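Visitor:
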Amino acid sequence: MLRLGMPGLRPAAALVLACACVFAQAQTSMMLTGTIGSRAILIVNGGAPKTVAVGETFQGVKLVSLQAEQAVVESEGKRITLRMDTPASIGGGGGSGAGGNRIVLPADSRGHFMTQGTINGRTVNFMLDTGATTVAMSAADATRIGLDYSKGTPVRINTANGVAAGFRLRLNSVRVGDVEVYDVDAIVSEQSMPFILLGNSFINRFSMRRDADQMVLEKRF
Numbered sequence: 308m309l310r311l312g313m314p315g316l317r318p319a320a321a322l323v324l325a326c327a328c329v330f331a332q333a334q335t336s337m338m339l340t341g342t343i344g345s346r347a348i349l350i351v352n353g354g355a356p357k358t359v360a361v362g363e364t365f366q367g368v369k370l371v372s373l374q375a376e377q378a379v380v381e382s383e384g385k386r387i388t389l390r391m392d393t394p395a396s397i398g399g400g401g402g403s404g405a406g407g408n409r410i411v412l413p414a415d416s417r418g419h420f421m422t423q424g425t426i427n428g429r430t431v432n433f434m435l436d437t438g439a440t441t442v443a444m445s446a447a448d449a450t451r452i453g454l455d456y457s458k459g460t461p462v463r464i465n466t467a468n469g470v471a472a473g474f475r476l477r478l479n480s481v482r483v484g485d486v487e488v489y490d491v492d493a494i495v496s497e498q499s500m501p502f503i504l505l506g507n508s509f510i511n512r513f514s515m516r517r518d519a520d521q522m523v524l525e526k527r528f
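Just so you know, we're using the working numbering here: the sequence shown kicks off at 308 and counts up by one.
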């Protein structure tokens, strides 16, 4: 029976993936990981967390304003709102620059590894989980990115909440930063899920090591 790992049910060290990572050179990735008074703690392009005051600029990212659980930042003349522990990016193109072989993921404030990426060219947020047999997502997420999962193979999934119904299918591509892999096994669960899990059908194509508060994945094939 297929295994579907779920976040928060194992030590953080067993969780692999999903906040900021090394994106294509023309793209700036960023995440708000906390606040200290009127200062925001930002991770930019997978680097170390940096405390930034309103009006200050760090690695091309200017903190415009800060309030509870969110911050407005500006980069490359564009403004976006960052929400706590949710990766975002400005610039670049999701369909270009995919030729890398290394992913670096800093831990978020909860000790998890999260990242923004794409499935079949559609933007998603991942948490990579070594306890999941494949890339795994809810039916709601599958519908949002245009997957007709009903054409997949019906399966039974062993989850933390018991056995659930699901569908097994193949994804054309899965991309994180400038690293893209093709023809990836996936499971769509009829149960709701808080994250899309980047499981072993993706992880097994990489060697993986932890370096302090970063997870490093090197593509093998």
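Ideal Cβ placement from N, Cα and C applies to all residues, glycine included.
Source: prediction; values computed, not measured.
Is it buried or exposed, valine 368, if we count other Cβ atoms within 10 angstroms and call 16 or more buried?
Guide: Per the 10 Å Cβ criterion, buried.
Visitor: Please state whether DSSP places arginine 346 in a helix, a strand or coil.
Guide: Arginine 346: strand per DSSP, three-state reduction.
Visitor: If I'm right that alanine 471 touches glutamate 497 with Cβ under 8 Å, what's the distance once you round it to whole angstroms?
Guide: Contact holds; Cβ gap of about 6 Å.
Visitor: For alanine 355, which three-state DSSP category applies?
Guide: In the structure shown, alanine 355 sits in coil (DSSP, three-state: anything other than H, G, I, E or B).
Visitor: Looking only at its own chain, which residues have a Cβ that is under 8 Å from the Cβ of arginine 386, when we skip the five neighbours before and after it?
Guide: So the qualifying residues of the chain are Val371, Val379 and Val380.
Visitor: Give the single residue among Asn352, Gly428, Ser499 and Arg477 whose Cα lies nearest to the Cα of alanine 446.
Guide: Of the candidates Asn352, Gly428, Ser499 and Arg477, the one whose C-alpha sits nearest the C-alpha of alanine 446 is Ser499.
Visitor: Check each candidate in Phe528, Pro356 and Ile503 and name the one with the smallest Cα separation from serine 514.
Guide: Among Phe528, Pro356 and Ile503, the Cα nearest to that of serine 514 is on Phe528.
Visitor: Could you compute how far the alpha carbon of alanine 467 sits from the alpha carbon of alanine 439?
Guide: Taking the straight line joining both Cα atoms gives about 11 Å.
Visitor: Taking glycine 506 and aspartate 415 to be in contact with their CB atoms under 8 Å, please state how far apart those CB atoms are, rounded to whole angstroms.
Guide: That pair is no contact at about 19 Å.
Visitor: So, using beta-carbon positions, are aspartate 455 and arginine 475 closer together than 8 Å?
Guide: Not a contact, by the Cβ cut-off of 8 Å.
Visitor: Tell me the rounded alpha-carbon separation between glycine 362 and aspartate 520.
Guide: Taking the straight line from one Cα to the other gives about 28 Å.
Visitor: Which value, in whole angstroms, describes the spacing of the CA atoms of tyrosine 489 and leucine 478?
Guide: So the two alpha carbons sit approximately 7 Å from each other.
Visitor: Answer with buried or exposed for glutamine 423, where buried requires no fewer than 16 other C-beta atoms within 10 angstroms of its C-beta.
Guide: The residue in question, glutamine 423, is buried, as its Cβ has 16 or more Cβ neighbours within 10 Å.
Visitor: Rounded to whole angstroms, what's the CA-CA distance from methionine 338 to glutamine 366? Just pull it up for me.
Guide: C-alpha separation (whole angstroms): 13 Å.
Visitor: Could you pull out every unbroken alpha helix (DSSP H) segment of at least 4 residues lying fully inside the stretch 454 to 528, listed in chain order?
Guide: Counting whole runs of 4 or more residues, the stretch 454 to 528 contains the alpha helix (DSSP H) stretches 507 to 510.
Visitor: Taking the alpha helix (DSSP H) that arginine 451 belongs to, which residues open and close that run?
Guide: First-last of the alpha helix (DSSP H) with arginine 451: 446 to 451.
Visitor: Just to check my reading of the structure: arginine 417 and aspartate 448 have Cβ atoms closer than 8 Å, yes? What is that Cβ distance to the nearest angstrom?
Guide: About 21 Å separates the two Cβ atoms, so there is no contact after all.
Visitor: Alpha carbon to alpha carbon, what distance is there between serine 457 and serine 396?
Guide: Their Cα atoms are separated by approximately 32 Å.
Visitor: Out of curiosity, what's the CA-to-CA distance linking glycine 473 and threonine 460?
Guide: Looking at the two C-alpha atoms, the distance is approximately 8 Å.
Visitor: With DSSP as the reference, label arginine 417 as helix, strand or coil.
Guide: In this structure, arginine 417 counts as coil in the three-state DSSP scheme.
Visitor: State the beta-bridge partners of arginine 378 as determined by DSSP.
Guide: The sequence shown places alanine at residue 378, rather than the arginine named in the question. Leu373 and Leu389, per the DSSP bridge assignment.
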